[in-house]
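Since the structure comes first, as structure tokens, the remarks are kept for the end.
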Amino acid sequence: MVARADALRASAKLAALGRGMTFGANGNVEPGTSDRQRRWVAGYRNVVHHADSAERCVTHRSPSLLGWLRGSSVETAFAHIHEGEVQLIELLPEDQLTGHLAEVRSTVQAYLPPDDLRRLALEDWGSAAGTTAATSVPWSSLRVRPRPARVEDEHRELIATTLRAAYLYGDTEHARVRSFRNILLGAALAMGVLLIGLGLVGSRWPAAVSLCVPHAGAASGSGPQLICPTNVRYGLGNGPSGGDVFLVELMGLVGAALAGVRAISASRKVESSYSLAVAQATLKATAGATTAVIGVLLLSSGIVSSIGQLQSQAAILTYAVIFGYAQQLLTGLIDQRADAVLQAASPASPAKASTPQAPSGRG
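Numbering-wise (the working numbering), the sequence shown opens with residue 5 and increments by one.
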């Protein structure tokens, strides 16, 4: 972000020099003598102000959890950068603006849908100025770049308006990604609190959350009466121990980790400045611990009669891992939703771009 702010300031100064502005010994631009020059000076100062504000947002932000969840500092910084780049359109001399149009068009095609009227108007003008409209090929990709038509003030307004709309569309999609991330983390936190509470209840009152399973040889008297996650109980008066719930939750985490590795290897790479991998992994971990406890409870209750009697402690722990892995049946649907949200926020999304374009909305 700091590098992008520096680049914006450098572009503004280059544009100011191209407009014939002069700078004093302190580096500040001198006031203009005509109305047009004063407008250019004001535009230059606005662009530099947005670049400075963006840099302050990322260098002086407080490392608070609430600020990280909201993403206010980063989003404000991007808003300043984007507005500065939009206002730079008015400041750039015609020759510099001509070279900048290919990047503008790439951003517009990446974020605005093909039927957006502002995008269509920009492409129509670009076609008249020397761009192939049928194939939507920007000037930068042509072997021989045609001489564009003269850029009038109304054209600058069209370019600035369309670019601002593209940035707004991209910022909105990124806000949706952040909101979805917060939902995943909130769900994971809620399940985590419930799991810790359940484990504490099981530690204080082990019989309240019994995860012990009848032994296969208990009826004939040839083996222990119960198989528990932490030990084997021989006497009829014995019961579960305080560490059963936490151990089953831990084995569920192991199963969820295996499912997470498989999900990562099978996921598609999406070009986006945001990532939902940490939030998805956190949700899988807590979901795996939850499904492990529920699954072992089903075994201990005898509802699943075919596997309701086990031979060893290792068998019940193995089932806990399997149940933890089984959370993928539920979180797999969330993975698909996460891919869709990231794809919508990606500047390379084929749903919004007629041809693949390089990302330019966020860096």
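By construction, the Cβ of each residue, glycine as well, lies at the ideal position given by its N, Cα and C atoms.
Does the Cβ-Cβ distance between residue i and residue j come in under 8 Å?
| i | j | result |
| --- | --- | --- |
| A324 | M255 | yes |
| V258 | L202 | no |
| V181 | V282 | no |
| I231 | Q317 | yes |
| A179 | T290 | no |
| L2 | L188 | Lying outside 5 to 367, the shown extent of the chain, residue 2 is not represented and no answer is given. |
| Y48 | L105 | no |
| L92 | V51 | yes |
| E79 | H54 | no |
| G299 | A285 | no |
| V62 | A46 | no |
| V90 | A164 | yes |
| E177 | A349 | yes |
| A260 | K288 | yes |
By Cβ distance, which residues of its chain are closer than 6 Å to residue i, with the 5 residues on each side in sequence left out?
| i | result |
| --- | --- |
| V148 | The pLDDT assigned to V148 is 39, lower than 50, so where the model puts this residue is not dependable; a value taken from the coordinates is nonetheless given after this. Taken in chain order, the list of residues that qualify is empty. |
| L262 | Y329 |
| A293 | L199, E253, G256 and L257 |
| G247 | T234 |
| S57 | H84 |
| R185 | L280 and A283 |
Under the three-state reduction of DSSP, which class applies to residue i: helix, strand or coil?
| i | result |
| --- | --- |
| L189 | helix |
| I85 | helix |
| P210 | helix |
| V141 | The pLDDT assigned to V141 is 46, lower than 50, so where the model puts this residue is not dependable, and the model offers no usable value. |
| L280 | coil |
| I231 | strand |
| L240 | With a pLDDT of only 45 at L240, under 50, the local geometry of the prediction cannot be trusted, and the value read off the model is given with reservation. Residue state, collapsed to three classes: coil. |
Identify, in the order they occur along the chain, each residue of the same chain with its Cβ nearer than 7 Å to the Cβ of residue i, setting aside the five sequence neighbours on each side.
| i | result |
| --- | --- |
| A125 | L162 |
| T295 | G256, F327, G328, A330 and Q331 |
| L334 | A291 |
| V112 | R123, L126, T166, L167 and A170 |
Between residue i and the rest of its own chain, which residues show a CB-CB distance below 8 Å, the 5 nearest in sequence each way excluded?
| i | result |
| --- | --- |
| H159 | W129 |
| R235 | The amino acid occupying residue 235 in the given sequence is Asn; Arg does not appear at that position. Counting only Cβ-Cβ distances below 8 Å, and skipping sequence neighbours, we find S245 and Q317. |
Task: Contact between the segment 155-169 and the segment 212-219 (3+ Cβ pairs under 8 Å) - done: With a cut-off of 8 Å, the segment 212-219 and the segment 155-169 do not count as touching, because too few Cβ pairs lie within range.
Open item on the list: For the segment 339-351 against the segment 290-303, do three or more pairs of beta-carbon atoms, one drawn from each stretch, fall closer than 8 Å, so that the two count as touching?
Closed with: No, because fewer than three Cβ pairs between the segment 339-351 and the segment 290-303 fall closer than 8 Å, the two stretches do not touch.
- [ ] Count the C-beta pairs between the segment 115-126 and the segment 87-104 that are closer than 8 Å, then say yes if the count reaches three, no if not.
- [x] By the criterion of at least three beta-carbon pairs nearer than 8 Å, the segment 115-126 is not in contact with the segment 87-104.
Task: Start-end ranges of the alpha helix (DSSP H) lying completely within the segment 298-345, minimum 4 residues - done: If we require 4 residues or more, the alpha helix (DSSP H) runs fully inside the segment 298-345 come out as 317-329.
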